[in-house]
Amino acid sequence: MSTPVKAKKVKRELLHVDPEVAEALAADRPVVALESTIISHGMPYPQNLETAREVEQTVRDGGAVPATIAVLDGQLRVGLDPASLDRLARPGEPGEETAKASRRDLPVLLSSGRTAGTTVAATMFIANLAGVGVFATGGIGGVHRGAEQTYDVSADLLELAQTPVTVVCAGAKSLLDLPKTLELLETHSVPVLGYGTTEFPAFFSRTSGLFLDHQVDDVSALAAAVEAHRELRLRSGILVANPVPEADAIPAAEIDGIIEQAVTEADDQGVKGKDVTPFLLARINELTGGRSLVANIALVKNNAALAAALASELALP
Ligand code: PSU
Ligand code: MN
């Protein structure tokens, strides 16, 4: 649903970096960017808020400063205070719902003074503006099944093609067309590194049957690859694929039928565009009785820990 754009006087400071984050960046201390669509649209309240807080703590425990990114009242924000995090997590009153912002939405959100969670694409763009090079998320968007008909390809992939930020994820959900997703990343010259795995992980599951060209087994090998990418001035992002921890993984055989059902329901109900991914996430959570949410929370924390370790390694003199 769209709402008419009303002009609001644009704040002079379009980008606000939280002082703790700004100080860390100025001193070359490690910072990890975190996205916020996962908070506003990816998980139900109140688990979304608890998870957002715990993920920030995980980054701190790993020796880095967390910088959760969002759009608040028409301003790009890098690093959120507790009240802002709370506000993003709560379901908005009807008509005042928090928007889902991809890169292309940013100008209008700014000009109309709105509030939004940022997708992987928008978060990468803003992180790069602020000078944050490492970013942790759950799963990236990709090429949707049936894209040959719908053309539904997440802007996350095109952002990875053009923005030099390292994104730590648990792969992508098999509700996407994973072979096509990997093909598009190859076309756009985005390095995809399996962390301790040679297979691209499928978010809930550790395996997908799809093999990667490059595997790194520890943080120093990962940091060395990121540094070489930087030295070559390659302008793409880097995708680090870090499988969900064994204990919380859901075998593909168990989750695939549920994903199939959710995709069919979205189709039948005519869910389109940016509503597709949030619809599927919520439906899979219902159909698994919350088990998918447990896996989701575990893998986001696992990615935050790896991103903090990577940022720390990169910050070493
Ligand atoms: N996949 C998940 N959880 C998420 C998302 C994707 O498992 O929360 C969110 C991310 O913010 C991602 C966005 O960037 O959905 C992709 O949306 P779309 O498919 O509309 O590009
Ligand atoms: Mn889409």
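For the sequence shown, this note's numbering gives the first residue as 349, with consecutive numbering after it. A virtual CB, placed ideally from N, CA and C, is assigned to each residue, including glycine. Everything numeric in this text was worked out from a predicted model, so none of it was measured.
Check: How would you call V456, buried or exposed, if buried means at least 16 neighbouring beta carbons within 10 angstroms?
Finding: Taking the first residue of the sequence shown as 1, we reach residue 456 at position 108. V456 should be labelled exposed.
Checklist line | Boundaries (first-last residue) of the beta strand (DSSP E) holding R583 | finding: Within the sequence shown, residue 583 is the residue found at index 235, counting from 1. From DSSP, R583 is part of no beta strand (DSSP E); its letter is neither H nor E.
Check: Is the beta carbon of T463 sitting closer than 8 angstroms to the one on A447?
Finding: Mapped onto the sequence shown, residue 463 falls at position 115. Mapped onto the sequence shown, residue 447 falls at position 99. Yes, they are a contact pair.
Next item on the list: Return the chain-ordered list of same chain residues with a C-beta closer than 7 angstroms to the C-beta of E646, the five sequence neighbours on each side being excluded.
Entry: Taking the sequence shown and counting its residues from 1, one reaches residue 646 at position 298. Here residue 646 turns out to be Ala, not Glu, going by the sequence shown. So the qualifying residues of the chain are V592, P593, D596.
Next item on the list: Using the Cα positions of P392 and R583, report the straight-line distance between them to the nearest angstrom.
Entry: Here residue 392 is taken as the residue at index 44 of the sequence shown, counted from 1. Here residue 583 is taken as the residue at index 235 of the sequence shown, counted from 1. If I take the Cα positions, the gap works out to 35 angstroms.
Notebook entry, point to check: Going by beta carbon distance, what residues of the same chain come within less than 7 angstroms of K649, once the five residues before and after it are set aside?
Noted result: Within the sequence shown, the letter at position 301 stands for residue 649. Counting only Cβ-Cβ distances below 7 angstroms, and skipping sequence neighbours, we find E402, V403, T406.
Note to self: On a Cα-Cα basis, can you pick out the residue from L433, T416, G542 that is closest to G427?
What the structure shows: As a working note, residue 427 is residue 79 in the sequence shown. That would be T416, whose Cα lies nearest to the Cα of G427.
Check: Taking DSSP as the reference, what is the three-state secondary structure of A447?
Finding: Numbered from 1 along the sequence shown, position 99 holds the residue referred to as residue 447. It is a strand residue.
Note to self: Is T625 close to the ligand PSU? I mean its beta-carbon at under 7 angstroms from any heavy atom of the ligand.
What the structure shows: Taking the first residue of the sequence shown as 1, we reach residue 625 at position 277. Within the cutoff, so yes.
Notebook entry, point to check: Ordered along the chain, which non-local residues of its own chain (more than five positions away) have a Cβ less than 8 angstroms from that of G489?
Noted result: Taking the first residue of the sequence shown as position 1, residue 489 is located at position 141. Closer than 8 angstroms at the Cβ level, and outside the excluded window around G489, lie T467, V468, A469, S502, A503, D504, L505, A520, L524, T625.
Margin query: Using a Cβ-based criterion (distance less than 7 angstroms to any ligand heavy atom), does K622 qualify as near the ligand MN?
Written below: Numbered from its first residue, the sequence shown carries residue 622 at position 274. Checking the Cβ of K622 against the ligand MN gives yes.
Next item on the list: Within the same chain, show all residues whose beta-carbon is closer than 6 angstroms to that of L433, passing over the 5 residues directly before and after it, in chain order.
Entry: What you label residue 433 is simply residue 85 of the sequence shown in a count that begins at 1. Once the five neighbours on either side are set aside, the close Cβ partners of L433 are A400.
Notebook entry, point to check: Using the C-alpha atoms, what's the distance from L628 back to P513?
Noted result: Mapped onto the sequence shown, residue 513 falls at position 165. Mapped onto the sequence shown, residue 628 falls at position 280. First, the residue type needs correcting, since residue 513 is Val and not Pro in the sequence shown. Going from the Cα of V513 to the Cα of L628 covers about 27 angstroms.
Checklist line | Validate contact between the stretch 475 to 482 and the stretch 374 to 390 using beta carbons, cut 8 angstroms, 3 pairs | finding: yes
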